[in-house]
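Numbering follows the working numbering, with no gaps: position 63 of the sequence shown is 68. One structure is given below, encoded as structure tokens.
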Amino acid sequence: MQILKAGVLYFAVVSGAGFILGPIRILWVAPRLGTRMAELLEMPIMLLIAIVAARLIVLKFAVPFALSSRLGMGGIGLGLTLIAEFTLVLSLRGLSIRDYLAARDPVAATVYYAMLGVFAVLPFLVARRCGRSQECG
Numbered sequence: 006m007q008i009l010k011a012g013v014l015y016f017a018v019v020s021g022a023g024f025i026l027g028p029i030r031i032l033w034v035a036p037r038l039g040t041r042m043a044e045l046l047e048m049p050i051m052l053l054i055a056i057v058a059a060r061l062i063v064l065k066f067a068v069p070f071a072l073s074s075r076l077g078m079g080g081i082g083l084g085l086t087l088i089a090e091f092t093l094v095l096s097l098r099g100l101s102i103r104d105y106l107a108a109r110d111p112v113a114a115t116v117y118y119a120m121l122g123v124f125a126v127l128p129f130l131v132a133r134r135c136g137r138s139q140e141c142g
């Protein structure tokens, strides 16, 4: 149950940050720099948020260092992210999955998909030392 809670919170924190950054990217950055550059500039910020969120949530819920536990947390976060992406976002934009994928910039989309993979494994990659001891810093 702690892994489920950790995964849901991980999704909520990172998606919440994306929900805040999205309008900034769309309304202010993209008109000035273009969609590709706006998306690429947002990704390091989202990566940093995901790293911090993964580390803090792993510690808060004392998610065991076991690969299955940490990847379970990341997998839950990723699954919820994909569900949100393909239901909420697509319904709001009135697109099919095929149209959505075809409309994405190939460079930014490739980086985004790689970031989804990183998002899924971050709980395993962060706080390794904390998984073995309580001395975290």
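Every residue gets a Cβ at the ideal spot worked out from N, C-alpha and C, and that includes glycine. Given the structure is predicted, the values throughout are model-derived calculations rather than measurements.
(request) Measure the Cβ-Cβ separation of valine 131 and glycine 82 and say whether it is below 9 Å. (result) Their beta carbons are not under 9 Å apart, which means valine 131 does not touch glycine 82 by this criterion.
(request) Using three-state DSSP, classify glutamate 140 as helix, strand or coil. (result) Annotation note: pLDDT 46 at glutamate 140 (below 50); position unreliable, coordinate value reported separately. In this structure, DSSP gives glutamate 140 a state outside helix and strand, which the three-state scheme calls coil.
(request) Check whether the Cβ atoms of tyrosine 15 and isoleucine 62 sit closer than 9 Å, and answer yes or no. (result) Yes, Cβ-Cβ distance for tyrosine 15 and isoleucine 62 is below 9 Å.
(message) Can you check which of these residues, Ala43, Leu46, Glu44, Ile54, is closest to alanine 22 by C-alpha distance?
(response) The candidate whose alpha carbon is nearest that of alanine 22 is Ile54.
(message) Relative to the C-alpha of isoleucine 25, which candidate in Glu47, Met6, Leu9 has its C-alpha closest?
(response) Distances from the alpha-carbon of isoleucine 25 to those of Glu47, Met6, Leu9 put Glu47 closest.
(request) Determine the extent of the alpha helix (DSSP H) in which threonine 86 is found, giving its start and end residues. (result) That run of the alpha helix (DSSP H) goes 72-89.
(message) For the stretch 106-121 against the stretch 25-41, do three or more pairs of beta-carbon atoms, one drawn from each stretch, fall closer than 8 Å, so that the two count as touching?
(response) Contact holds: three or more Cβ-Cβ distances are below 8 Å.
(message) With a threshold of 6 Å on Cβ separation, who are the neighbours of glycine 12 within its own chain once the five nearest residues in sequence on each side are excluded?
(response) Cβ neighbours of glycine 12 beyond the five flanking positions: Met78, Ile81, Gly82.
(request) Can you give me the Cβ contacts of phenylalanine 91 inside the same chain, cut-off strictly under 7 Å, excluding the 5 residues immediately before and after it? (result) Once the five neighbours on either side are set aside, the close Cβ partners of phenylalanine 91 are Ile102.
(request) Closer than 7 Å by C-beta to lysine 10: which residues in its own chain qualify, once you throw out the five before and the five after it? Chain order, please. (result) Here the set comprises Phe66.
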